[in-house]
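Shown next, in structure tokens, is the structure this report addresses.
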Amino acid sequence: MPNNNIYDYGGPLVAWSGDDAQPDWAALFPIPASRRIEDRPQQRRSPAQQAAEDGSDEDEDFWLSPRMAYRLHTAGCLYVDSRCRPHAELAIAEMPPVVQPCARRRPWMEAYTQAAMRLVARLERGLEPQPNCTAEECALHKIIEMAEAFFRDGVDRQTGALDALPRSTLDEDFELVSDAAFLDNDVLMLFDMPQLADPSGLTEMMGTANLHPDDWFKPFKREHTSNHV
């Protein structure tokens with residue numbers, strides 16, 4: 557993908573390793589004591605232990621557990637490798653119709669695939685998957701949907717890798733992940749209000765931005781364009 561086109565995100569391209577990567581999820585996303593689910597029988601705790609394990613204000617910021625990170629990573633790898641490439645029609649079919657003509661352009665789809673890869677790469681670095689452009693928002697919505705479907709169907713337990721990870725109270729809270737990861741759901745509004753893709757008085761009134769397909773790769777925070785490497 558050229559670095560001088562309108563679909564350029566401005567950061568380094570992802571060196572894709574896919575599901576060959578084996579991150580230490582427990583180390584990358586440590587669980588606060590108040591959020592742990594212990595497999596061992598409950599033991600009598602001293603007052604000091606209880607105070608330490610009953611949580612703190614900092615624990616309220618914890619929303620991505622090792623198991624949830626594993627689920628999102630697995631779904632993200634599959635989304636990239638089975639829907640975004642080599643032909644991309646599966647990914648395109650799930651996008652708002654107003655976006656699909658642009659998505660069929662090869663440079664656009666290559667940039668979108670990189671957006672999905674960045675989400676996966678951030679997880680591998682121990683970063684929460686908070687999107688930094690509209691394309692990343694769209695991709696993360698699909699990755700979360702896929703991860704939740706795998707959970708409901710029991711697919712994510714078939715390899716046994718999940719069972720080796722520590723448990724927390726947030727392992728199955730996909731709603732919390734969506735609430736914490738996204739600042740808004742504007743990109744989803746394109747399904748019902750395709751006119752929002754073109755800047756106008758309506759988009760100004762509603763406070764939406766970067767919804768035109770040509771703007772999907774403009775970073776929200778330029779200082780974060782390299783945080784995936």
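Residue numbers for the sequence shown, in my numbering: 557 to 785.
Note that the Cβ used here is the ideal one computed from N, Cα and C, for glycine as well.
Owing to the predicted nature of the structure, the values given are computational and were not obtained by experimental measurement.
Considering only DSSP beta bridges, list what S799 is partnered with. Only positions 557 to 785 of the chain appear in this structure, which leaves residue 799 out of reach.
Return the chain-ordered ranges of every alpha helix (DSSP H) run that is complete within the region 723-776 and spans a minimum of 4 residues. Segments of the alpha helix (DSSP H) lying fully in the region 723-776: 730-737 and 757-762.
Is G566 close to chain D? Criterion is C-beta to C-beta, closer than 7 Å. In the structure shown, chain D cannot be found, because there is only a single protein chain.
For N715, count the other beta carbons within 10 Å of its own beta carbon; 16 or more makes it buried, fewer makes it exposed. Which is it? It should be noted that the sequence gives Thr, not Asn, for residue 715. It counts as exposed.
So, A671 versus E692, is the Cβ gap smaller than 7 Å? Taking 7 Å as the Cβ cut-off, A671 and E692 qualify as a contacting pair.
In whole angstroms, what separates the C-alpha of D637 from that of A589? Each residue's alpha carbon lies about 36 Å from the other.
Y668 in three-state terms, based on DSSP: Helix.
Please list the terminal residues of the continuous alpha helix (DSSP H) segment that includes T690. Boundaries of the alpha helix (DSSP H) around T690: T690 to D709.
Where does the unbroken alpha helix (DSSP H) through T630 begin, and where does it stop? T630: member of the alpha helix (DSSP H) spanning P622 to L634, first to last residue.
Between the region 719-736 and the region 638-658, do at least 3 Cβ pairs fall closer than 8 Å? As far as the Cβ criterion goes, the region 719-736 does not touch the region 638-658, which means the pair count is below three.
Can you give me the start and stop residues for the alpha helix (DSSP H) that L584 sits inside? Unbroken alpha helix (DSSP H) run through L584: W581 to L584.
For R575, which of helix, strand or coil comes out of DSSP? The sequence given here places Asp at residue 575; Arg does not occur at that position. D575 falls in the helix class under three-state DSSP.
If we ignore side chains and look at the alpha-carbon of each, how far apart do H784 and H697 end up? Just so you know, the alpha carbons of H784 and H697 end up roughly 18 Å apart.
Measure the alpha-carbon distance for D610 versus S724 and round it to whole angstroms. Only weak support is given to the placement of D610: the predicted model assigns it a pLDDT of 47, under 50, and the value that follows is read from those uncertain coordinates. When only Cα atoms are considered, D610 and S724 end up about 14 Å apart.
How is S782 classed by DSSP in three states: helix, strand or coil? DSSP places S782 in coil when its eight states are reduced to three.
Tell me the DSSP secondary structure of R661 in three-state form. Of the three classes helix, strand and coil, the one that applies to R661 here is coil, per DSSP.
Is the beta carbon of T781 less than 7 Å from the beta carbon of G567? Yes; because the gap between Cβ atoms is below 7 Å, this pair is in contact.
Take E704 and list the residues in its own chain whose beta-carbon comes closer than 6 Å to its own, dropping the five residues that flank it on each side. Excluding sequence neighbours, E704 sits near F730.
Leaving out the 5 sequence neighbours to the left and right, which residues in its chain are closer than 7 Å to F776 when beta-carbon positions are compared? If the five residues before and after F776 are omitted, its C-beta is found closer than 7 Å to the C-beta atoms of N688 and C689, all from its own chain and listed in chain order.
On the criterion of 16 or more Cβ atoms from any shown chain inside 10 Å, does L674 qualify as buried, or is it exposed? Inspection of the sequence shows that residue 674 is occupied by Arg rather than by Leu. By the 10 Å Cβ count, R674 comes out buried.
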